Amino acid sequence: MIRSELIQKIADENPHLYQRDVERIVNTIFDEVTDAMARGDRVELRGFGAFSVKKRDARIGRNPRTGETVDVEEKHVPFFKTGKLLRDRLNGKA
Numbered sequence: 001m002i003r004s005e006l007i008q009k010i011a012d013e014n015p016h017l018y019q020r021d022v023e024r025i026v027n028t029i030f031d032e033v034t035d036a037m038a039r040g041d042r043v044e045l046r047g048f049g050a051f052s053v054k055k056r057d058a059r060i061g062r063n064p065r066t067g068e069t070v071d072v073e074e075k076h077v078p079f080f081k082t083g084k085l086l087r088d089r090l091n092g093k094a
């Protein structure tokens with residue numbers, strides 16, 4: 001599912017809301033999650049999961065084509081851990 005499909009589904013299930021308002025709500029939620037993660041905060045959506053940022057230390061890597069060693073800089077990467085309800089639902093337990 002992509003963002004536009006999510007907006008359409010919410011708008012269809014809530015006919016009392018204008019599509020532009022649903023779009024604003026969805027965009028605000030995504031923006032807040034993104035901003036929180038950019039600050040290094042953890043975002044938890046109960047039953048769904050938790051988004052966090054993990055730090056990857058600098059290391060020496062290897063170019064797979066040439067075999068030459070390369071310095072890989074430290075970086076921060078997004079991480080998602082599923083919640084129990086989502087995990088159970090995916091595994092057919094709910």
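If you're matching positions, the sequence shown starts at 1 in the UniProt record's numbering and goes up one per residue. Don't be surprised by glycine CBs; every beta carbon is placed ideally from N, CA and C. Here the structure is a predicted model, which is why all the values come from computation and not from measurement.
Q. Are there 16 or more other CB atoms within 10 angstroms of the CB of Val22, so buried, or fewer, so exposed?
A. The residue is buried, with at least 16 neighbouring Cβ atoms inside 10 Å.
Q) To the nearest angstrom, how far is it from the Cα of Gly61 to the Cα of Val70? A) 5 Å
Q.
Taking 8 Å as the limit between beta carbons, can you name the residues of its chain near Ala50, skipping five residues before and five after?
A. Arg42, Val43, Glu44, Phe80, Lys81 and Gly83
Q: Work out the CA separation of Lys75 and Arg59 for me, nearest whole Å.
A: 10 Å
(Q) Given this structure, state the Cα-to-Cα distance separating Arg65 from Asp57, to the nearest angstrom. (A) 23 Å
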